[in-house]
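The letter at position 633 of the sequence shown is residue 633 when you use full-length UniProt numbering, and the numbering goes up by one with no holes. Note sheet for the following structure.
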Amino acid sequence: MGVLDIYGFEIFEDNSFEQFIINYCNEKLQQIFIELTLKEEQEEYIREDIEWTHIDYFNNAIICDLIENNTNGILAMLDEECLRPGTVTDETFLEKLNQICATHQHFESRMSKCSRFLNDTSLPHSCFRIQHYAGKVLYQVEGFVDKNNDLLYRDLSQAMWKAGHALIKSLFPEGNPAKINLKRPPTAGSQFKASVATLMKNLQTKNPNYIRCIKPNDKKAAHIFNEALVCHQIRYLGLLENVRVRRAGYAFRQAYEPCLERYKMLCKQTWPHWKGPARAGVEVLFNELEIPMEEYSFGRSKIFIRNPRTLFKLEDLRKQRLEDLATLIQKIYRGWKCRTHFLLMRKSQIVIAAWYRRYAQQKRYQQIKSSALVIQSYIRGWKARTILRELKHQKRCEEAATTIAAYWHGTQARRELSRLKEEARNKHAIAVIWAYWLGSKARRELKHLKEEARRKHAVAVIWAYWLGLKVRREYRKFFRANAGKKIYEFTIQRIVQKYFLEMKNKMPSLSPIDKNWPSRPYLFLDSTHKELKRIFHLWRCKKYRDQFTDQQKLIYEEKLEASELFKDKKALYPSSVGQPFQGAYLEINKNPKYKKLKDAIEEKIIIAEVVNKINRANGKSTSRIFLLTNNNLLLADQKSGQIKSEVPLVDVTKVSMSSQNDGFFAIHLREGSEAASKGDFLFSSDHLIEMATKLYRTTLSQTKQKLNIEISDEFLVQFRQDKVCVKFIQGNQKNGSVPTCKRKNNRLLEVAVP
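This is the structure:
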């Protein structure tokens, strides 16, 4: 949607070239208003075969032709005068107008034929009058030629086209050397005429709506209504003709298809589907609703409704019908929902009843089966007991004779056994006597053998003692010579052995930071004790290092590098020892906000952190994304992710910071480099130790040169062409423990550290 603010007619005491072209533009806008409202409205009625009484209205096309005609128009004659060789003045231009436009009914001057009173003092000699649709306007011809001839020559356009600013260059495309045009530049009137033509062409392709503003008085005051002024505005704006056309015409029109689609639910014959032509459906609909014939008319493709009340009535009926249809839909839906719920409940009841009947039959069957088993068991038990009793009685009868025979055979066997025992007892007595005799004989023989063996063993023992005595006598002379040395070595060996066994049970933990160590038991083991402590510490350090991954080794190497750079130099260092170096604090790869920034950087990102960049002018801070890659240092905007600065690492010469507990640091750039055009950078960060360490290591690996780290409470920073001293002082802060930066003068930037 576009909004066009129209100039409005300008009628002053002295009207010149500017008022002329402005009123010309208003004539063209009034012409398109007439064509798009009054003319098009009446043409539509004729096109649709609607009975219509034509309403006359003033068409200002004759006034537009007077101004813009290519041969006899005022603008064409003005351009012709400007381009004509010889002496050209405003008077010659007026004479030419009097010659060509003298017969035009809307042009007046002292020499024109339409001026009915040549002696009228209200029409001076150097003026001409045009009767616009808004009224007559008197134009002073003085300055018309000069203002129309206000040209922008080719050399000026070419000079502006060569400007470095893109906007200025785009405003002067005619200065492009590749598009050199040897023609004379167009005049101001021609340019305005072409611009108005372009505007009219654009409006012809649109569907404009007009807002007419009526000025009630010339005093710009409230509650004052000038009737003559208002009537004059209504007359020259053409509102009377527009109102007459609207009152004589129809208030609403619509094609048959959308009209039938919108109101078909009001008639039973057209609802829900009409199978015939759309116009026939609309006729049936209006006849069913009993709308008077004088309230509407049928065109070729549209239905025309005269009174808005008829349209409001249709909308009210449609609204009521939609409520009825909504009620019907609700009723059908509720019926379907209840029926579905009933069928579901019925199906569920059938399933539950079937399962219950199955369960009841299964339970009854189990009871019957259990009862049958009990009865069967009782019957089988009774039958078995009966058979058992019969078998037992039969067995007792059969076993009675066997028992008697067994008793008889037992008596006989016992008698025979007693006889055999008696005989065996007699035989055993003889064997016992014989055995006692043999035993006594054997014992006497054994005693004799033992006595003989005892005599032989005594001889062997005496011989062994004799040999031992000889050996001891021989060994004694050697033992006395080396006894002290051997006893010393033996004692030392036992003491060392005991020392190592006790150390095995008293060994400290494998933590490299554990400084506990057992005390030495003997003074002569002092050097051994210390060497053993050193070897054990080296061994457990190696075991601890073997557990590290490559990433952990890199982190500890960076921590070691930070210790060498900042230990006992920077007060902020102790608080950073326990903090791991993460590097990527923003997670650019995961955050969709920085996708554009990630795509612009092809190298590996070592540090991604939000820092505060100190403004060179006032010492205030601005948030920036600080990115460190293998070859470059980049600064990007935190909100948009757009890269603001890119500095190669070879251009970084030094990093300066204070010795106090603050996060301010300055990055000094090599003089003469492209990155140093705006001067050095001054930042503030919560991870100063990590950022300085990683910058030092990255610069060393890329340039093979150590980056200078300057730690001082006063250092110089290059800001464009000036050198500014950054001074750190101790002070009480209003905002707590946050350091503040303030520009004191052109040469001093003071940082207050709590």
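Even for Gly, the Cβ is constructed at its ideal location relative to N, Cα and C. Note that the coordinates shown come from a computational prediction; the quantities given were computed from them, not determined experimentally.
- If you draw a straight line from the Cα of W517 to the Cα of T549, it is about 29 Å long.
- Shown here for F681: same chain residues with a beta carbon closer than 6 Å to its own, the five before and five after excluded, namely I667 in chain order.
- The beta carbon of D90 is closer than 6 Å to those of V141, E142, F144, V145 in its chain, skipping five residues each way along the sequence.
- Contact between the region 128-141 and the region 91-98 is present, with at least three C-beta pairs closer than 8 Å.
- In this structure, C64 is the residue among C64, R47, S348, F9 with its C-alpha nearest to the C-alpha of I32.
- D79 sits in a helix when the DSSP states are folded into three classes.
- Beta-bridge annotation (DSSP): Y296 is paired with I305.
- With a 10 Å radius around the Cβ and a threshold of 16 neighbouring Cβ atoms, E108 comes out buried.
- Rounded to the nearest whole angstrom, the C-alpha separation of Y499 and W466 is 43 Å.
- Cα atoms of V611 and F192: separation of roughly 54 Å, rounded to the nearest angstrom.
- Taking the Cβ atoms as the reference, L78 lies roughly 5 Å from N148, within the contact range of under 8 Å.
- Annotation: Y585 to A608 spans about 6 Å, alpha carbon to alpha carbon.
- By the criterion of a C-beta distance shorter than 8 Å, L510 is surrounded in its chain by R540, K543, Y544, once the five residues flanking it on both sides are discounted.
- Among the bridge pairs identified by DSSP, Q718 is matched with K723.
- By DSSP's assignment, Q105 forms no beta bridge with any residue.
- Looking from the CA of Q718, the closest CA among R747, V738, E690 belongs to R747.
- With respect to L237, R212 sits close: the two C-beta atoms are nearer than 9 Å.
- Beta-bridge analysis with DSSP links Q730 to V753.
- Per DSSP, F17 is one residue of the alpha helix (DSSP H) stretching across 17-33.
- Between A675 and D651, the gap from beta carbon to beta carbon is short of 9 Å.
- Y24 places its beta carbon 9 Å or farther from that of I62.
- About 7 Å separates the beta carbons of K644 and R624, which is inside the 8 Å limit, making them a contact pair.
- Where D155 is concerned, the enclosing alpha helix (DSSP H) starts and stops at 154-161.
- A contact is defined here as three or more CB-CB pairs under 8 Å, and the region 195-210 fails this definition with respect to the region 155-166.
- DSSP, reduced to helix, strand and coil, places E587 outside both helices and strands of the structure shown, so it counts as coil.
- If you compare the alpha carbons of M293, Q99, L260, I495 with that of L285, the shortest gap goes to L260.
- Unbroken beta strand (DSSP E) runs of no fewer than 3 residues, entirely contained in the region 469-551, are not found.
- Rounded to the nearest angstrom, the gap between the Cα atoms of N426 and R454 is 43 Å.
- With at least 16 other beta carbons inside 10 angstroms of its own, K694 counts as buried.
- Comparing alpha carbon positions, the residue from T740, G731, K727, P739 closest to L749 is K727.
- When only Cα atoms are considered, A372 and A353 end up about 28 Å apart.
- The shortest CA-to-CA distance from R520 to any of G281, L532, D514, Q99 is the one to L532.
- Out of Q99, A562, H687, G641, the CA that lies nearest to the CA of N589 is found in G641.
- Between the C-alpha atoms of T699 and L572 there is a straight-line separation of about 23 Å.
- Taking a contact to require three or more Cβ pairs closer than 8 Å, the region 625-633 and the region 697-716 qualify as touching.
- L634 is the residue among K639, L634, S656, M657 whose C-alpha sits nearest the C-alpha of L649.
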